[in-house]
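Right, one structure below, let's go through it.
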Amino acid sequence: MIEHLSAEQISQWMMGERTPQLLQHVTGCARCGAELQQLETALTQFRTAMREPPYSPAYPIVPPAWREPDSSSPWYSWPRLVLAIAALFILVALPLSWRARVREQAAQTALADSQLLESVDSAISQAVPEPMEPLVSLVSWNSSSTDQNRKAPGQ
Amino acid sequence: MAAAVASSHELDDFEAVVRLHWLKVFRFAMASVRDRHAAETLAQDCFFRAYRARGSFRGEASVSTWLMQIAVNLVRDHARDRRLQFWKRARLTAVDVTTAGRWLPDAGASPEVAALMKEQVQAVWDATATLSERQRTVFLLRFVEDMDLLEIAAATGLKEGTVKVHLFRALQAVRERIGGAK
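Below you can see the structure in the form of structure tokens.
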């Protein structure tokens, strides 16, 4: 019984590693010869098809015109300059606006604090609490008449 | 050293480099991503990157292999990006796989033979669609671009033995498609 080529040997043949033993077998074995012939033909046709693909006559494969990237353009070209200015503006403006806001908040707090302190001062400087003020007008603050009234019962 | 100097000079006229190698890079990208617009973008990107990196080219490989190395990386990145995309925009411009057989010029063959050839080209084209990205890359470099194993290893960054393994798997898939594998 004839041993035909294994998958590894066929692969070896197709990769171009054609040893004398392989060559001898292929020339003597019609079945293996036919199989290799079929595979080679298919791959050759595939190569031909891939190398000459008529994708579209109206859209042929041509290399695009090569235009060298302009590496000599100055670092301050317009787009770069605009970007740099924008970045600088953000870097400077953001901390400044943040500081201004902090300062404004501090001023508002100081104002509110002083108003609170003033109201507290005025509150504690009153002799009589505000709700009791109407009673004050009813009371006579003449101390001598009061003393006389106090002495009368004991005399 | 002389070869390296010659290769460096080869890159001086970059327009000529583009003219000479454009089709090869485009063809590889096209067969890999199966999308004409994506292939054109990849090819342009390949040459743009090559232009920017031309100063680091030492001539250890040929310009062609060097360009294919860049193209292989771009195709791999493209495949990775596409996996991340959940929409398939590429389908809009994707090559209709049913037309692959029609790419083959008849060259005076009888209708029966021409039909059989186109059928086989279609089978190989279909088989490459089922391969992994690496297997397809190695297969296309070997059987479309005619690169030898060492050149493929240089372009893909794989060891020669690994290239052989990928080629073996790819050939198996092709043989199964065209009815050769038992």
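Residue numbers (this note's numbering), protein chains in the order written: chain A, 35 to 189; chain B, 459 to 640.
Each residue gets a CB set at the ideal place from its N, CA and C atoms; glycine is no exception.
What are the boundary residues of the alpha helix (DSSP H) that includes residue i?
i: M48/A; result: A41 to M48
i: E591/B; result: E591 to F601
i: G513/B; result: No alpha helix (DSSP H) contains G513/B, which DSSP labels as neither H nor E.
i: Q578/B; result: P569 to T588
i: S148/A; result: W112 to S159
i: V424/B; result: The structure shown does not extend to residue 424/B, since chain B is modelled only from 459 to 640, so the question has no answer here.
i: H624/B; result: E618 to I636
i: C66/A; result: A64 to R85
i: L469/B; result: That residue, L469/B, is in no alpha helix (DSSP H); it is neither H nor E in DSSP.
i: T614/B; result: L607 to T614
i: L172/A; result: Neither: L172/A is in no alpha helix (DSSP H) and is coded neither H nor E.
Would you mind sorting residue i into buried or exposed? The rule is 16 or more other CB atoms within 10 Å of its CB.
i: A496/B; result: buried
i: Q189/A; result: Unreliable positioning characterises Q189/A in this predicted model, as indicated by a pLDDT of 46, which lies under 50. The coordinate reading is nonetheless provided below. Q189/A comes out exposed.
i: T586/B; result: buried
i: L599/B; result: buried
i: A628/B; result: buried
i: A613/B; result: buried
i: H479/B; result: buried
i: L625/B; result: buried
i: L525/B; result: buried
i: M605/B; result: buried
i: H536/B; result: buried
i: W545/B; result: Below a pLDDT of 50, predicted positions are generally treated as unreliable, and W545/B, at 47, falls in that range; no measurement from the model is reported.
i: Q79/A; result: buried
i: V483/B; result: buried
i: Q142/A; result: exposed
i: L151/A; result: exposed
i: L117/A; result: exposed
i: M166/A; result: exposed
i: R492/B; result: buried
i: A92/A; result: Only weak support is given to the placement of A92/A: the predicted model assigns it a pLDDT of 48, under 50, and the value that follows is read from those uncertain coordinates. Label assigned to A92/A: exposed.
i: L172/A; result: exposed
i: A461/B; result: Its pLDDT being 43, under 50, A461/B is placed unreliably in this model, and the coordinates cannot settle the point.
i: V192/A; result: Since the first residue of chain A shown is 35 and the last is 189, residue 192/A is not available in this structure.
i: V60/A; result: buried
i: L616/B; result: buried
i: A508/B; result: buried
i: L125/A; result: exposed
i: A631/B; result: buried
Can the beta-carbon of residue i be found less than 8 Å from the beta-carbon of residue j?
i: W100/A; j: V476/B; result: yes
i: L70/A; j: V582/B; result: no
i: M84/A; j: R635/B; result: no
i: E591/B; j: R534/B; result: yes
i: A529/B; j: C504/B; result: yes
i: T620/B; j: S490/B; result: no
i: T75/A; j: Q578/B; result: yes
i: M48/A; j: L73/A; result: yes
i: V162/A; j: V154/A; result: no
i: R81/A; j: H38/A; result: no
Can you tell me the Cβ-Cβ gap for residue i and residue j, rounded? I've got them flagged as a contact below 8 Å.
i: D618/B; j: A611/B; result: Checking the sequence shown, residue 618/B turns out to be Glu, not Asp. Their Cβ separation, rounded to whole angstroms, is 5 Å, which keeps E618/B and A611/B in contact under 8 Å.
i: A511/B; j: L500/B; result: Wrong, their Cβ atoms sit about 16 Å apart, outside the cutoff.
i: L589/B; j: F597/B; result: 6 Å
i: T523/B; j: E609/B; result: 5 Å
i: P129/A; j: Q502/B; result: Incorrect: roughly 43 Å between the Cβ atoms, too far for contact.
Query raised in the report: For the stretch 66–90 of chain A, which residues have a beta carbon sitting closer than 8 Å to at least one beta carbon of chain E?
Result: As a matter of chain content, chain E is missing from the structure shown, whose protein chains are A and B.
Query raised in the report: Looking at C-beta atoms only, is the number of pairs between the stretch 56–65 of chain A and the stretch 36–46 of chain A that lie closer than 8 Å three or more?
Result: The stretch 56–65 of chain A makes contact with the stretch 36–46 of chain A; the number of CB pairs closer than 8 Å reaches 3 or more.
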